[in-house]
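Scroll down for the structure; my scribbles are underneath it.
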Amino acid sequence: MMNPENYLILAAILFVIGALGVMLRRNALIAFLCVELMLNACNLAFVAGSHITGTLDGQTTAFFVMVVAAAEVVVGLAIIVSIYKTRRSTSVDDANLLKL
Amino acid sequence: MILLETIAEPVAATGMFTWAWTMIAVPAVVAGLLLVAGKLSDAWGHLLATAAVFWSFAIAVCLFAEQLLAPATERAVSANLYTWFTVGQWDFQVGLLVDQLSILFAMLITGVGGLIHVYSIGYMSHDPRRRRFFAYLNLFIAAMLLLVLADNYLVLFVGWEGVGLASYLLISFWQHRPAAAAAGTKAFVMNRVGDLGMLMAISTMLAMFGSSKFTEVNAGAAGTEPMWATLIGLFLLLGACGKSAQVPLQAWLLDAMEGPTPVSALIHAATMVTAGVYLVVRSHALFEAAPIAQLAVVIVATVTLLAGAWIGTSQDDIKKVLAGSTMSQIGYMMLAAGIGPAGYAFAIFHLITHGFFKANMFLGAGSVMHGMNDDVNMRHYGGLSKAMKVTFLTFAMGYLAIIGFPFFSGYFSKDHIIEAAFADNTFIGICALIGAGITAFYMTRLMLMTFFGEERWLPGVHPHESPKVMTIPLIVLAVFSVGIGAVMNFWIQTWLEPALGIHAHELSLVPTPVGWMTMAVVALGVVAAWLVFGRSSIPVVAPATNNPVTLAGRNVLFGDQVNDFLFVTPAVALASAVDTTDAKGIDTAVDGLGRAFLGLSTQLRRLQTGYARSYALTMVVGVLLVGAVLILNLVG
Amino acid sequence: MTFPWLTFLGLLPLVGGLLLLLPMGKGAARTLGLVFSIATLAVAAGVTVLHVTGADLAVQVPWIRAFGAWWALDVDGMGLAMVLMTAILTPLVLLAEWEPPANRWGAQAFFALVLILEGLSLFVFMANDVLLFYLFFEATLIPTYFLIVGFGGARRGYAAVKFLLFSLAGGLIMLASVVGVYVVGASQGAPSYLLQDLASVRFDGDLGRWLMLGFLIAFIVKAPMVPLHTWLPDAAENSTPGTATLLVGVLDKIGTFGMIKFCLGLFPEASLWITPFMVWFAVVSIIWGALGAIGSRNLMRLVSYTSVSHFGFMVLGIYAFTTTSMTGSIFYMLNHGFSTAAMFLVVGYLAKRTGSYDIEAYGGVQKVAPVAAGVLLVSGLATLSLPGLAPFVSEFMVIAGTWSRYPIVTAVSLLGVVLAAVYILRMYQRTMTGPVTDHTAAHFTGRDLTGLEKAIMVPIIGVLLFLGFVPQPAVQLVEPTAQATLAYVGTTDPAPVVKGAK
Amino acid sequence: MSSILLPALEMAAPTLEWRALAPVLLVFAAACLGILLDAVLPRAYRFLAQMTLVFASVALSFGFLVMNWRAMRQGRLAMGSIMLDGPTYFMWASLLVFGTLAFMIFSERQLNGGASAFAASAASVPGSLEEADASAARREHTEVFPLGLFALGGMMVFLASADLIVMFVALEVFSLPLYLLSGMARRRRLLSQEAALKYFLLGAFSSGFFLFGVAMLYVFSGSFDLHAIHEAVAGNAFSSSNGLLYVGLGFLAIGLLFKVGVVPFHSWTPDVYMGAPTPVTAFMAICTKLAAVGALLRVFYVALDGERWNWQPLFAVLAVITMVVGIIGALTQTDVKRLLAYSSIAHAGFLMTAVVGATQVVPAGQGTSASAIMFYLAAYGFATIGAFGLVTLVRNAAGEDNTIASWAGLARKSPWVAGLMSLFMLSFAGIPLTAGFIGKWAVFTAAWRGGYGWLVVVAVLASLVAVYLYLRLIVVMFAGEPAKGTYVGNASGWTWIPVVIGAVATLWLGIIPDQVMQLATFAGGFLR
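Protein sequences appear in the order of chains A, B, C and D. Per the working numbering, residue 9 is the first one in the first sequence, and the count goes up by one each step. Per the working numbering, residue 26 is the first one in the second sequence, and the count goes up by one each step. Per the working numbering, residue 20 is the first one in the third sequence, and the count goes up by one each step. Per the working numbering, residue 1060 is the first one in the fourth sequence, and the count goes up by one each step.
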């Protein structure tokens, strides 16, 4: 079996990719998906941690996180859709009336 | 130094002496009353004020009589009035010391003061603010009496400043005249410079002796370190210079002639300006412990007596001539006081005779002005001896007294000083002698220009004799100018001996060699003046001249210019520099700081771009920052 | 439990001020305000009597227990002197500002703010707890700010902000020290702000010095000393005379008051350390202020610059560490309140007639309005410390006391005495004397001081004269404070140099 | 380790301490009921019903809280996932009070001519006919009340969680409703929607960091339990897995600091505060901050206490940056709500000084960091609720006018509004006789006692600049010429009651703070 710590490294890499995506992608939906990627990187870490520490908490937690992520999707999509209806665009850069 | 022991401790006040404070209080209260009552007292204010001074005079004479009757050791009486304040180790009492010295002053002040009050009733009769004038005069009398009757330096200083205030008020009495207002301010400010000396002297006394009482200071003086004794002496001298218009603080006195003439007579001739002499004599113990300070007094006095005389020779304003003369005469007194025990009595003697004859002449000058529509320029006078007989005659008495005509009062008092000066230092003596010659010169010039020669009156001027209320004081003062010298000549030294610890000189009526010399010099001065001014007619407008001596004299030895250059200009420049620094420097710095923050804020706002992605970037920068700080902290 | 007189004394005007915030008629508001201020004066007089008869007036109730702060009030001689001064000046200011300037807030607001300010100031002078003092010290700024903004001159907004920012700059630095005092106290087993608890705490070394500096800077701004004084001329110029009186006469005293009570009272060692600097600093203020006054073209600025100079004397007296000089400083604080009040109020009378504070706008007033000129002159003479008026006694005490320790410093500071004559008399000369200008004739003819205006000046000048001739009661009142402070600091007065004298 | 595992393995039926948990449960129950009510009640009755439900539930919840507190019920609840200790009580009480006050402003309908501050139909396109119809029909989103209650309940759990997973869930429970609420403004809906989007995206982003931090700490310690993490930190001082600990510590901090609004995780604050409906801004400004600071304290004082030497300098640096950026950023703002947003950032900085000080062990009865912070939050809360309440009053023809220019000369139009606003500004500025001063002084004391004297000096200098910032508004109101076209709206008691309570409490806590301070002090420290 692979060294479980490598899973952690993978999780970190996924997390960074997610974070970079939030910063780089203009489309609100993609940015939001990148956030989901970050959450799932965490899930990976939880599961790996569960293995490393020999406890089950991590695995149950992954389910919690999924539920939370789902809830987030609901709220997030609602907001993004309503903005899309108004502006006919999902670019986060278009929403910059609030500044300075 | 042993002499000090001969000074008797003052005895506590009893009987009449417990009334001494009313000498001060009555005029002070009357002054306050007249000022507060305002127009209500216009009708009778001057009478009340005059009565108040005569009350003080009466008390002074009674006290003097009591002193005469008392044995020599019990003549000095102290009357403690109340505790002014006590703080720390220091106890400041308001107390009076009526001794042989102060009683003479009290009588001079109230006597001459009373006469001048009477004179002023006439002189100021047309002035709508006469009541106010009398209030100020009474204020002056009260302050001056406090000055001479105080038993410690601090209370003396209160009187000192009080007379300064009265002087200021009276010089600028005709406030609507800019020159008068400026002259008052100038006098006060220059006196303040002298006051620094007083404050420093008193502070030093307190540090040295723990008291400013004359008795305690005198007792401790001998034990003072020479440096501090000298410093106290110099500080006191500075004070005296300010009040007595001695060089280098002389410049205010001539301007002070802007005041009504009775004021010039009372304050700027007879009494206030002699306070410096009083101060030096009163502080004799300190000066005796400080030869350098004594020397400084002598030098200042000599310079002043010559400078004053010099100014007197070239002024055309009758009052300014007299003012220069006053400076010069006070120089004589200071000289005597500076010489030491040998001169104290003569200083006071000359002070008293001068008080009478100079007041006499000033009032005479006032009488002349009264008749000449308040013109003060002697070039517009001439031949007034016929128009104003009483004034002329009384003025002549004063003239003879001041030039030292034999057996007139100045003859005694001034000759003694010149003799004492010669005894002290020949050079000083010669200076004093020359001063006497110049005195004769300028006084003769004044007499010639005013009372003799052709009439150079301006059109519309009809000289006339003044009313009785003015001439009677003149006559009284003239009598004193003539006689007081002879009366006091043999008596004054003995009288003052217990107070000042002096040894009486043998005096005789036969002139000494120095006396003969003096007479000769005086005669020379008179003749010279006659040669210059008596024979030829005097131009109505002062002729232009390049003679530096005359120019310097006309410009009061450039005292104002020196002061402007040394003090006024730098002070004005500093004041505007302060203004600039506050507004442009400090405030700009503060405002700049504020603007810097605002600028920073404007820059910072640019970071808030409105793009969600850049906010995310900011957060990631934050992540890096957190990492960096944690790592640095772990490593460090 | 005895009646808490001191709490009552401070609350009385505060309650009055708050009552005045309620809607009511202008006439009723003014009467009510005056009644409250006079009642406060009466209570202050009562407190004085109690203090003099030896009653223990101290109030001490836990206030914020978690951080060791107490509602602790007490008066010593200095505090009582300040309390009396405040209580006397307030009704006079109210009378003087009976008709506040037009186009500004109304009289009711003015009366309310003044009363609130009075109450807060009284608490400042009575607080016996560092935090309580700080609380009221800062709180006084707010009514003052509104007094300037609501009633002041053309640049009132700027002046008010400047005043507040300068004061708060000092105040907030002081807050750091206030916090530090508690922390150090807590570390030494005295987690308390109560002064008597802190007396046992040692604030040593560098920390003590920094803490002391925190307090000192606040007081330097407050007492305005150069170079942190520039707010004062602007604030005074843009205040009404009544506000300026309270600002300079009462509030600025907190600076010198605080130096004695807190800088010296908490940090004796650090205070001795800073002394050489403070002494010269004071001298700079004396001369700078005097020069600034000479250069002023505006009467209000002039008066405020004179105060800078006078505060220099007070600070000099404090840091000379002699009984005489410190007593003189405290006494000066009292006298200066009245002399400044006299100056500001009479300048206000003049401006009320001409509508201008510019010296240039006057000339020859004496001829047409002799009483106004006379009152200005007397006030000016008090300001230049003429003997016979109270400031002289205190200035002399400062000078003589300081001289016994620092003759050279004192000699330099005496320049300020000369310059005082220059700035007062020049001002008088330019405004009151000379030929009557058209402007003066138009505004002053037949409009000399009114009965009310004279009546207001009577007690002020009366106090100045009384304390000039009979200063002993006041000196005796404040001297114990100086003695106690010096005993705590551990310095003794220099003895007379000449042996056998006295 | 195994002892911790056992309960999970046995899958015992969860036990709940109903009585002790009642305050939270009531809030959640009311929220759920509110959703149902919205579904079943006719439109006309909804508003009244929701309001009744909200205030009744909150009052009941508060009643239970007081009862429990008096009975000194303490300890772990709900299978060890919630910690009921002194700070929990104090902050729950604060949350309930401020939540109630904010909900009162939610309820204001008189200002808008009979409509609330929320969009008539949030789903409709701004400017569309649909929206106009909804407006004309006087429809309104009464869901704001249940959403608010959910957020409130989430916050209560958040700061009381004894377990990182509960904390994460609570974080989302209170965040998600807030995202929605932010987008529901009646006026300027584009701004509102944008605020919601930004808030949501960045909030989710920060949740990711929080969760990753949780994961790392889990890997490090093998547990989500704060006490267990504390034990692990204590027993593992120099082990090789410290990297996990520090990464976890850092990421967890980032997630929490985002909610607190600490620079550089603050960027959302100005935009969201400005775009969200003002009542929601008020709610967020106080309650979010309160909950986040509570959680931050709990995590760092309870779980990561052993690492304080590492996070204290970190927080100190962030505190300085936060104060500076918050204050300087505010100096040139032209919008009142934005100004208050920057002000809230600055206040986060001041709060952080006390967090840094971490003064916990002092003789009984003396103030600690926690008590200082709790007091500060209370003081800040009253001023904030009052200030935002007043912000809703200044209006022009189009609705609320938030530009500072429109506040010019307000003192002449309405001395009371100007006076009260000044009071709140003075409290923000920390001027004595207001609660803000006592709060500031308390946190500074806590910081210095914790050995961070220099931080106090920096904070004091920062507050000086801050004074200028608040003064600016006062100057505008009192010295400015009255602005044309703006007027003070005629609000009902729903706005005035919170404002007046805020004002009275600001003065009360500024003058006689002892009771509240004692309450905060005797709340004691956090239990492990």
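Beta carbons: idealized from backbone N, C-alpha and C, even for Gly. All values reported here derive from a predicted model rather than from experimental measurement.
By the three-class DSSP mapping on this structure, what secondary structure does residue i have?
i	result
K107 (chain A)	coil
F1279 (chain D)	helix
K1543 (chain D)	coil
G647 (chain B)	helix
T510 (chain C)	coil
V1535 (chain D)	helix
From what residue to what residue does the alpha helix (DSSP H) around residue i run?
i	result
L160 (chain C)	160–170
Y324 (chain C)	318–338
I480 (chain C)	470–488
P110 (chain C)	96–115
W422 (chain C)	409–422
D101 (chain A)	Run containing D101 (chain A): none; DSSP gives neither H nor E here.
What is the residue span of the beta strand (DSSP E) that residue i lies within?
i	result
N1455 (chain D)	1453–1455
A104 (chain B)	102–112
Q1392 (chain D)	That residue, Q1392 (chain D), is in no beta strand (DSSP E); it is neither H nor E in DSSP.
R157 (chain B)	Counting along the chain, R157 (chain B) falls outside any beta strand (DSSP E), though it belongs to the alpha helix (DSSP H) covering 155–174.
L213 (chain C)	No beta strand (DSSP E) contains L213 (chain C), which DSSP labels as neither H nor E.
Throw me the rounded Cβ distance for the residue i and residue j pair, which I believe falls under 8 angstroms.
i	j	result
A334 (chain B)	T451 (chain B)	With a Cβ gap of about 19 angstroms, A334 (chain B) and T451 (chain B) do not count as contacting.
T111 (chain B)	Q491 (chain C)	7 angstroms
L40 (chain C)	A131 (chain C)	5 angstroms
Contact between the region 372–387 of chain C and the region 324–340 of chain C (3+ Cβ pairs under 8 angstroms): Counting Cβ pairs under 8 angstroms, fewer than three are found: no touch.
Under 9 angstroms (Cβ pairs) to chain B, residues found in the region 167–180 of chain C: For the region 167–180 of chain C, the set of positions with a beta-carbon nearer than 9 angstroms to some beta-carbon of chain B is empty.
Where the region 72–91 of chain C meets chain D: residues whose CB sits under 8 angstroms from a CB there: Residues passing the 8 angstroms Cβ filter: P81, W82, I83, R84, A85, F86, G87.
Within 8 angstroms of chain A by C-beta, residues of the region 1269–1289 of chain D in sequence order: Going along the region 1269–1289 of chain D in chain order, one finds L1270, F1271, V1273, A1274, M1275, Y1277, V1278, S1280, G1281, S1282, F1283 with a Cβ nearer than 8 angstroms to chain A.
Residues in the region 189–210 of chain C having any Cβ partner in chain D nearer than 8 angstroms: Of all residues in the region 189–210 of chain C, L191, I192, L194, A195, V197, V198, G199, Y201, V202, A205, P210 have a Cβ within less than 8 angstroms of some Cβ in chain D.
Meets three-Cβ-pair contact criterion under 8 angstroms: the region 1163–1172 of chain D and the region 1329–1342 of chain D: For the pair of segments examined, the region 1163–1172 of chain D was found to touch the region 1329–1342 of chain D: the number of CB pairs separated by less than 8 angstroms reaches three.
Contact between the region 406–419 of chain C and the region 469–479 of chain C (3+ Cβ pairs under 8 angstroms): With the cut-off at 8 angstroms, the region 406–419 of chain C and the region 469–479 of chain C do not touch.
Cβ contact (3+ pairs, closer than 8 angstroms) linking the region 1313–1321 of chain D and the region 1344–1353 of chain D: Here the region 1313–1321 of chain D makes contact with the region 1344–1353 of chain D; the two share three or more CB pairs at distances below 8 angstroms.
Inter-stretch contact (C-beta, 8 angstroms, three-pair minimum) for the region 469–484 of chain B and the region 567–582 of chain B: For the pair of segments examined, the region 469–484 of chain B was found not to touch the region 567–582 of chain B: the number of CB pairs separated by less than 8 angstroms stays below three.
Under 7 angstroms (Cβ pairs) to chain A, residues found in the region 1236–1254 of chain D: Cβ contacts with chain A come from Y1238, L1239, G1242, L1249, L1250, Q1252, E1253, A1254.
Interfacial residues, the region 134–158 of chain C to chain D, with Cβ spacing under 9 angstroms: Of all residues in the region 134–158 of chain C, only L139, L150, Y153, L154, F155, F156, E157, A158 place a beta-carbon less than 9 angstroms from a beta-carbon of chain D.
Three or more C-beta pairs below 8 angstroms linking the region 1402–1410 of chain D and the region 632–652 of chain B: Between the region 1402–1410 of chain D and the region 632–652 of chain B there are fewer than three C-beta pairs closer than 8 angstroms, too few to call the two in contact.
Residues of the region 1095–1109 of chain D with Cβ closer than 9 angstroms to any Cβ of chain C, in chain order: Of all residues in the region 1095–1109 of chain D, none is placed with a Cβ closer than 9 angstroms to any Cβ belonging to chain C.
Cβ-based contacts, 7 angstroms cut-off: residues of the region 641–654 of chain B near chain A: Only A641, L642, V645 from the region 641–654 of chain B bring a Cβ to less than 7 angstroms from some Cβ of chain A.
Any 3 or more C-beta pairs closer than 8 angstroms across the region 495–503 of chain C and the region 97–106 of chain C: Proximity of the region 495–503 of chain C to the region 97–106 of chain C meets the contact definition, three or more beta-carbon pairs being nearer than 8 angstroms.
At least three beta-carbon pairs within less than 8 angstroms, the region 508–521 of chain B to the region 394–401 of chain B: With a cut-off of 8 angstroms, the region 394–401 of chain B and the region 508–521 of chain B do not count as touching, because too few Cβ pairs lie within range.
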